[in-house]
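Each remark here refers to the structure printed beneath this line.
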Amino acid sequence: MRQDIDRLMRERGLAGMVVFAYDRYNTAFYYATGQRIHYGMYVRAADGRAHLIHDAMERDQAAQVGCECSSFAQHQLNDLIEREGRPARAFGVLMADTCASLGIAGPVAFFGDLGAGFAYDMLERALAENPALKVDRGHPDVLTLARMTKSADEVEVLRRTSQGAVAAIERLREHLGQLKRDGDHFRNGNGPVTLGGLRHLLHEEFLAHGLEGGETIVSQGRDAGVPHNRGNDADLLRAGAPLLVDIFPGEAGGGYFSDLTRTFCMGPAPAPLQRLFADVHDAFRLAMDRLKVGDACRDSQERVCELFEQRGHATPRTDATAQEGYVHGLGHGVGLAVHEAPRLGGPPSNTQPLVPGMVITVEPGLYYPSQELGVRIEDLVLVREDGTFENLTPARYDLEVRPGA
């Protein structure tokens, strides 16, 4: 949680942290300051003292951060750029001087959303200007650790985004049930139904809930058998094929996400698809029912692998390079990014326990693109303070949709 940052810095032996936003929204800056500031430098000492340098156009947002503030103009940034020859070097000098003003000396955690060359140039100049600074290279970094658990306020936002995700997937299910069959395809009042049309419908519902859709996955048949294939908007919706819909909308303008996947079949599902869906649903229920606070996050992955292996599917344990069967980890954290810590999988060295405040996905899947088959079920789960679990995305799981004649 955000309030853990200072404690985590002290435990890591850090002198402070610097977060830089270079004319674009980034999650680290939002998390550290609580404000969507696009152009600024936030410097915080491990004892909680902080200073924010901001663009004058964002002075109102900067005032909400609750620390000392100054503008780039007050630091004669343009003159500094002229003197240093490159913006990155100028920001490095400004960074070094601000750390010195707060008495920061020692390892510092640096964050931002920058090109590697720009970041290297900036840090190299900062360290030359202020030799008392060192770059923290610890893994995971302090913001990753802090963001691994969510505060009550964060959970409420995640609930709202998840309500929008559930509304979108249920609206899609209802829409599918109202379509008219036309041979192997389907029609509505506007003509043939495409995957792009379904994607547009989902995004309309996101907007109604104040969300943005990003790269929603709407794929069918062979494409559903490649886990992150986004699908082809021009494809006509087909009867009897798996339709995999993975949505991960977030707050408009940047903020917290949800994550939800359902697999549909228009009309009766062929026997191979029914069997695959049953195996995935059994794995999903096993994982959900066996979640336990204190267990290693990767334990759930091991249980799902065992079930799938017993039913004849390849898993990362039996073949790390497999492209058919179960080919990914069981889940991940969700918050200001769709994918963040913790991971429900990974190498044996991933001993991170499941703790209250985590918000994680549970998403087993089976993929056979050579057979034009792919199934995934995914829900977003909150680990409550009392050790119980709350499903934030309680949408129906039914595979078959029976549209009108």
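Here the sequence shown is numbered in the numbering used here, starting from -9 and rising by one per residue.
Every residue, glycine too, gets a C-beta built ideally from N, C-alpha and C.
The structure displayed is predicted, hence computed values, not measured ones.
query	result
E362 versus F274, R39, P260, L(-2), residue with shortest Cα-Cα distance	P260
Proximity winner among E74, M85, R39, relative to G30 (alpha-carbon distances)	M85
Residue from I94, C59, Q66 whose Cα sits closest to the Cα of M7	I94
Where N68 falls: helix, strand or coil (DSSP)	helix
Cβ pair count under 8 angstroms reaching 3, the segment 136 to 146 against the segment 87 to 106	no
Span of the beta strand (DSSP E) around L227	Taken as a continuous stretch (DSSP letters only), L227 belongs to no beta strand (DSSP E), as it is neither H nor E.
Pairwise C-alpha distance: G102 and Y15	10 angstroms
Burial state of S91, where buried means 16 or more other Cβ atoms lie within 10 Å	exposed
Among D236, F379, G38, nearest to M(-1) - alpha-carbon criterion	G38
Bounding residues of the beta strand (DSSP E) (the contiguous stretch that carries E330)	330 to 334
Top-ranked residue by Cα proximity to L297, from A268, G325, A286, K170	A268
Between the CA atoms of E119 and P83 - distance to the nearest angstrom	Note that residue 83 is Val in the sequence shown here, rather than Pro. Near 6 angstroms, if we compare the C-alpha coordinates of E119 and V83.
8 angstroms contact criterion, which D236 and N222 should meet: CB distance rounded	About 15 angstroms separates the two Cβ atoms, so there is no contact after all.
Backbone CA spacing between E380 and A116 [nearest angstrom]	46 angstroms
CB of L226 within 7 angstroms of CB of T184, strictly	yes
Cβ neighbour criterion (16 or more within 10 Å) applied to Q54	exposed
Where D13 sits in the DSSP three-state scheme	coil
Exposure of T378, with buried meaning 16 or more beta-carbon neighbours within 10 Å	exposed
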